[in-house]
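>
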Amino acid sequence: MIDTIVVCGATASGKTAYSLQLAEKQDIEIISADSRQVYKFLTIGTAKPSASEMQKVKHHYIDILMPDANYSAGEYGEQAYATLIDIAERGKTPVIVGGSGLYIKSLCEGLFKEDTPVDVGIRNKLEMELQANGIDTLYNKLKEVDAPLYNLYSDRNPRRVLRALEYYYSNGIRLSDAYANKPSRDRIKPRYVFIDVARDVLYDKINRRVMQMWEDGLVDETESVLNMGYSPTLNSLNTVGYKETIVYLNGDMSLDTAISEIQKNTRHYAKRQLTWLRKFILEEKLSEL
RNA sequence: GGGUCGGUACCGAAGCGGUCAAACGGGGCAGACUGUAAAUCUGCUGGGCUCCGCCCUACGGAGGUUCAAAUCCUUCCCGGCCCA
-14 MIDTIVVCGA TASGKTAYSL QLAEKQDIEI ISADSRQVYK FLTIGTAKPS ASEMQKVKHH
46 YIDILMPDAN YSAGEYGEQA YATLIDIAER GKTPVIVGGS GLYIKSLCEG LFKEDTPVDV
106 GIRNKLEMEL QANGIDTLYN KLKEVDAPLY NLYSDRNPRR VLRALEYYYS NGIRLSDAYA
166 NKPSRDRIKP RYVFIDVARD VLYDKINRRV MQMWEDGLVD ETESVLNMGY SPTLNSLNTV
226 GYKETIVYLN GDMSLDTAIS EIQKNTRHYA KRQLTWLRKF ILEEKLSEL
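Every letter in the first sequence is one number past the one before it in the numbering used here, and letter 164, counting from 1, is 149.
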């Protein structure tokens, strides 16, 4: 059984600093659980650890993809689990650090086994249908295709309804049935360490950090990514910091508004993160700092 | 000083005699989330309860009209604009 520390906390709560402290005491390697730091070129806006920090400790799952790559929490979980075991087998201590709740869940608990990738054509077709007809017709289709999820998704969350449909149309299997097929995670024993920061302090840190990002060149970074030819509609750029900066670059938002929007959206994001983390903590295994 | 428009909950903003504790948006808070997750979605947001209903305090202040007022009248205070 591999004892694994999971350093979790909201954005700007100090996860990186904490993990570097750990590195001074133990021979660790870090597995990042961050859905945005996986992308190359998105550096300032995702608050990646600095180059010198990355030199001190080996970091995995940072800068592993181009901004237009398709990726998913499931893929991440499988790959990162393998990496984690490899680290342990090499005699080092794996430490998971990140704030993406679903990524942490995928890595530590596993989602389900999905071998065939979803058919992109089907996904696009459903997406167009959503644009054209709204969510209701799609939701009604789900009733025929996957009744358990139809009942579960009564809020008609478009993302989830689409997911269930595209899965069925791609594989011919109900997503709710596929869930039964769990991947194994029985070689690790996660211990969650939650970096708890008082809400007002956290918000203050967020506000400052956003300001700092702007000074550090978030605009230039965004512009250069766009100049490489990456579409502003890419999932990777639908990220707090970048999406507002893109609007600003298009001249549709003032500088002050852009900054305060990024700050606000980052606070919202932090709140959602905390909801995930509380859940982990309540459900099991909290270790206090 | 005269005229005029306006003062509504944390903010913006509807309502213009009863069905109003007050639409809607923002913000805040809480939550859901098994492959796009920094995404997407949901709920709550005057106070107190014996909490699927009841009570209290509320729509700038004070009076008044009315069975009944955020909505009408008087007056006062405070803002915007126009004229002096």
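Cβ atoms here follow ideal geometry from the backbone N, Cα and C, with glycine treated the same way. Bear in mind the structure is a predicted one, so any value in this text is a computation, not a measurement.
Measure from the alpha carbon of Ala73 to the alpha carbon of each residue in Arg159, Thr(-11) and Ile120, then state which is nearest.
Start at 1 with the first residue of the first sequence, and residue 73 comes out as number 88. It is Thr(-11).
> Whose C-beta lies closer than 8 angstroms to the C-beta of Ile47 among residues of the same chain, with five residues either side of it excluded?
The sequence position of residue 47 within the first sequence is 62, counting from 1. For Ile47, where only same-chain residues beyond five positions count, the Cβ hits under 8 angstroms are Ser17, Asp19, Gln22, Val23, Lys33, Pro34 and Met39.
> Please identify the residue among Ser161, Tyr154 and Lys126 whose C-alpha is closest to the C-alpha of Leu137.
As a working note, residue 137 is residue 152 in the first sequence. The shortest Cα separation from Leu137 among Ser161, Tyr154 and Lys126 belongs to Ser161.
> If you draw a straight line from the C-alpha of Tyr233 to the C-alpha of Thr68, how long is it?
Indexing the first sequence from 1 puts residue 233 at position 248. Indexing the first sequence from 1 puts residue 68 at position 83. Their Cα atoms are separated by approximately 39 angstroms.
> Kindly identify the DSSP beta-bridge partner or partners of Cys(-7).
The sequence position of residue -7 within the first sequence is 8, counting from 1. Answer by DSSP bridge pairing, in chain order: Gly83 and Phe179.
> Quick one: grab the DSSP three-state call for Tyr24.
Mapped onto the first sequence, residue 24 falls at position 39. Note: Tyr24 maps to strand in three-state DSSP.
> Looking only at its own chain, which residues have a Cβ that is under 8 angstroms from the Cβ of Ile(-13), when we skip the five neighbours before and after it?
Numbered from its first residue, the first sequence carries residue -13 at position 2. Hits under 8 angstroms: Leu69, Ile70, Ala73, Pro79, Arg172, Ile173 and Lys174.
> Here's the rule I'm using: 16 or more other beta-carbon atoms within 10 Å means buried, otherwise exposed. How should Val82 be labelled?
In the first sequence, counting from the first residue as 1, residue 82 sits at position 97. Buried: at least 16 other Cβ atoms inside 10 Å.
> Between which two residues does the beta strand (DSSP E) carrying Lys43 extend?
Residue mapping note: residue 43 aligns to position 58 of the first sequence, counting from 1. Membership of Lys43 in the beta strand (DSSP E) is indicated by the continuous run Lys43 to His45.
> Would you call Met198 buried or exposed, if buried means 16 or more other Cβ atoms sit within 10 Å of its Cβ?
For the purposes of this step, residue 198 is taken as the residue at position 213 of the first sequence. Classification for Met198: buried.
> Could you say which of Asp53, Lys0 and Glu9 lies nearest to Leu211 if we only look at CA atoms?
The residue given as residue 211 occupies position 226 in the first sequence. Selected option, being the one with the closest Cα: Asp53.
> Using three-state DSSP, classify Ile89 as helix, strand or coil.
What you label residue 89 is simply residue 104 of the first sequence in a count that begins at 1. In this structure, Ile89 counts as helix in the three-state DSSP scheme.
> Which of the three DSSP states, helix, strand or coil, is assigned to Glu14?
Along the first sequence, read from residue 1 onward, the residue named residue 14 stands at position 29. Three-state DSSP puts Glu14 in a strand.
> Can you have a look at Thr1 and say buried or exposed, based on whether 16 or more other CB atoms are within 10 angstroms of its CB?
On the first sequence, residue 1 is found 16 positions in, with the first residue counted as 1. When all chains shown are included, Thr1 counts as buried.
> Would you identify the three-state DSSP class for Ile29, choosing helix, strand or coil?
In the first sequence, residue 29 corresponds to position 44, counting from 1. Of the three classes helix, strand and coil, the one that applies to Ile29 here is coil, per DSSP.
> Count the CB pairs spanning the stretch 235 to 244 and the stretch 255 to 263 that are closer than 8 angstroms, and state whether there are at least three.
no
> By the 10 Å Cβ neighbour count, where 16 or more other Cβ atoms means buried, how is Ala243 classified, buried or exposed?
On the first sequence, residue 243 is found 258 positions in, with the first residue counted as 1. The residue in question, Ala243, is buried, as its Cβ has 16 or more Cβ neighbours within 10 Å.
> Nearest-angstrom Cα distance between Asp185 and Gly(-6)?
Numbered from 1 along the first sequence, position 200 holds the residue referred to as residue 185. Numbered from 1 along the first sequence, position 9 holds the residue referred to as residue -6. If I take the Cα positions, the gap works out to 15 angstroms.
> Nearest by alpha-carbon distance to Arg159: which of Val195, Pro168, Glu99 and Ile120 is it?
On the first sequence, residue 159 is found 174 positions in, with the first residue counted as 1. Ranking the options by Cα distance to Arg159, first place goes to Glu99.
> Give the single residue among Asn250, Tyr153, Ile247 and Ile107 whose Cα lies nearest to the Cα of Leu127.
Taking the first residue of the first sequence as position 1, residue 127 is located at position 142. Of Asn250, Tyr153, Ile247 and Ile107, the residue nearest in Cα terms is Tyr153.
> For Ile247, which residues in the same chain have their Cβ closer than 6 angstroms to its Cβ, ignoring the five residues on either side in sequence?
If you number the first sequence from 1, residue 247 lands on position 262. If you ignore the 5 residues before and after Ile247, its C-beta comes within less than 6 angstroms of the C-beta of Val195, Gly226 and Glu229, all in its own chain and listed in chain order.
> I'd like the span of the alpha helix (DSSP H) that includes Thr230, first residue to last.
Against the first sequence, residue 230 aligns to sequence position 245. Unbroken alpha helix (DSSP H) run through Thr230: Tyr227 to Leu234.
> In whole angstroms, what is the alpha-carbon distance linking Leu96 and Gly157?
Here residue 96 corresponds to residue number 111 of the first sequence, with the count starting at 1. Here residue 157 corresponds to residue number 172 of the first sequence, with the count starting at 1. Whole-angstrom Cα-Cα distance: 19 angstroms.
> Go through its chain and collect everything with a Cβ distance to Gly(-1)'s Cβ below 6 angstroms, but skip five positions before and after it.
Locating residue -1 in the first sequence gives position 14, where the first residue counts as 1. Closer than 6 angstroms at the Cβ level, and outside the excluded window around Gly(-1), lie Ile180.
> Between which two residues does the alpha helix (DSSP H) carrying Asn166 extend?
Counting from 1 along the first sequence, the entry for residue 166 is found at position 181. From DSSP, Asn166 is part of no alpha helix (DSSP H); its letter is neither H nor E.
> Taking the C-alpha atoms as reference points, what is the distance between His298 and Glu129?
Beyond the ends of the chain as shown, which are -14 and 274, falls residue 298; an answer cannot be given.
> Return helix, strand or coil for Thr218, following the three-state DSSP convention.
Indexing the first sequence from 1 puts residue 218 at position 233. Three-state DSSP puts Thr218 in coil, outside helix and strand.
> Which class does Lys174 belong to by DSSP, given the choice of helix, strand or coil?
As a position in the first sequence, residue 174 is number 189, starting the count at 1. Judged by DSSP in its simplified three-state form, Lys174 adopts strand.
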